[in-house]
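Peer 1: Residues in the sequence shown are numbered consecutively from 4, following the numbering used here. From the three backbone atoms N, C-alpha and C, an ideal C-beta is built for every residue, glycine too. One structure, pasted below without further comment.
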Amino acid sequence: MDKAHQKVKVRPTTARRRAERAAATGGAPILDFATPTPYDLYVRTSTLHRLQHPLTDDPGEMSFLVISQIMELYFKLVDFELRDAQRLLRADDLWGALAPLRRTALHLEGLNGSWQGLRWMTPADFNRFRDQLGEASGMQSAMYRHLEFRLGLKTASLTRPHRKQPEQHEALLNTLNEPSIWDDAIAVLARHGHDIPRELLERDFSVEHQPHPAVEAAWTEVYRDGGPGNLLRLLGEALTEVAERFGEWRYRHLSAVRRAMGAKAGSGGSEGIGWLERSMARTVFPELWSARTHM
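Structure below.
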């Protein structure tokens, strides 16, 4: 195994040791190491930069490939933060849950910014390498599917493309069948005294939540208290920020598809634009939005 990919035991480096080293080198960076650079060992850059394998000589394909991989990493990061927020909500630690939710919104901003790197792509540009994708489509991303399920957009049939990868498929089924972060937020409302029907708390979580007047009424009541100590209101605002940023992601995805391929059928067999437009009609955290009419 390449030394760069072996598990490295990192000795703790104290502030004093850093200061002594800086004094010994006159403040210049350390340039000689007995192993690959510590940065490479920690970030795995040598592995990361070997993951791009364009299938054509067209230089635009590299942009498409790298930005797609960047988006996959952001999907993973957002999913990680949402799982942590769910853990804290289930422990009724509302204050603790605010930090990963706020980070989630910032990560979604970074994800949305990734589309900027593909704004150069016209249909002619895309067509120069599109055939090499075959039936591949970004909508087949398992990590993106985790993200949708975790936000409450549940569609059991969309786990089917992953059946030939049992570990991946099982993980997706687990996310499908467990409560979404919206289900967890509704459970928090119930624990804090709001009148939430039992059937919403003990339902089949593999089925997408349908808007309910009791949840809308609960959030309307939460927002009546504008005091700084109202943690439920702060939770609502953090979730609103996540929903807005995710909505921007879906809009920018639709815009990028329009720019690169017009109304052509998607490479994965979908309608392309038609599929994305229907997807955008599904609202994340619906009662958090409808309650604002009554506030």
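Out of Phe132, Ala139 and Ala26, state which residue places its alpha-carbon closest to the alpha-carbon of Asp60.
Peer 2: Considering only alpha carbons, the answer is Phe132.
Peer 1: Should Glu202 be labelled buried (16 or more other beta-carbon atoms within 10 Å of its own) or exposed?
Peer 2: So Glu202 counts as exposed.
Peer 1: Rounded to the nearest angstrom, what separates Gln72 and Glu224 at their Cα positions?
Peer 2: Roughly 42 Å separates the two Cα atoms.
Peer 1: Is Ala294 buried or exposed, if buried means 16 or more other CB atoms sit within 10 Å of its CB?
Peer 2: Classification for Ala294: buried.
Peer 1: How about Ile199 and Arg153: do their beta carbons lie closer than 8 Å?
Peer 2: Result no, Cβ atoms of Ile199 and Arg153 do not sit closer than 8 Å.
Peer 1: Given that a residue counts as buried once 16 or more other Cβ atoms are within 10 Å of its Cβ, and exposed if not, what is Phe78?
Peer 2: By the neighbour-count rule (16 or more Cβ atoms within 10 Å), Phe78 is buried.
Peer 1: Using a threshold of 8 Å, state whether the C-beta atoms of Arg261 and Asn115 are closer than that.
Peer 2: No.
Peer 1: Indicate whether His149 and Asp87 have their beta-carbon atoms separated by less than 8 Å.
Peer 2: No, the Cβ-Cβ distance between His149 and Asp87 is not below 8 Å.
Peer 1: Within 10 angstroms of its Cβ, does Lys167 collect 16 or more other Cβ (buried), or is it exposed?
Peer 2: Its Cβ having fewer than 16 others within 10 Å, Lys167 is exposed.
Peer 1: Kindly list the residues whose CB is nearer than 7 Å to the CB of Glu112, restricted to its own chain and excluding five residues on each side of it in sequence; keep chain order.
Peer 2: So the qualifying residues of the chain are Arg248.
Peer 1: Taking the continuous alpha helix (DSSP H) assigned at His52, which residues delimit it?
Peer 2: Element bounds for His52: n/a, residue is neither H nor E.
Peer 1: How many angstroms separate the CA atom of Leu237 from the CA atom of Gly155?
Peer 2: The alpha-carbon atoms of Leu237 and Gly155 are separated by roughly 20 Å.
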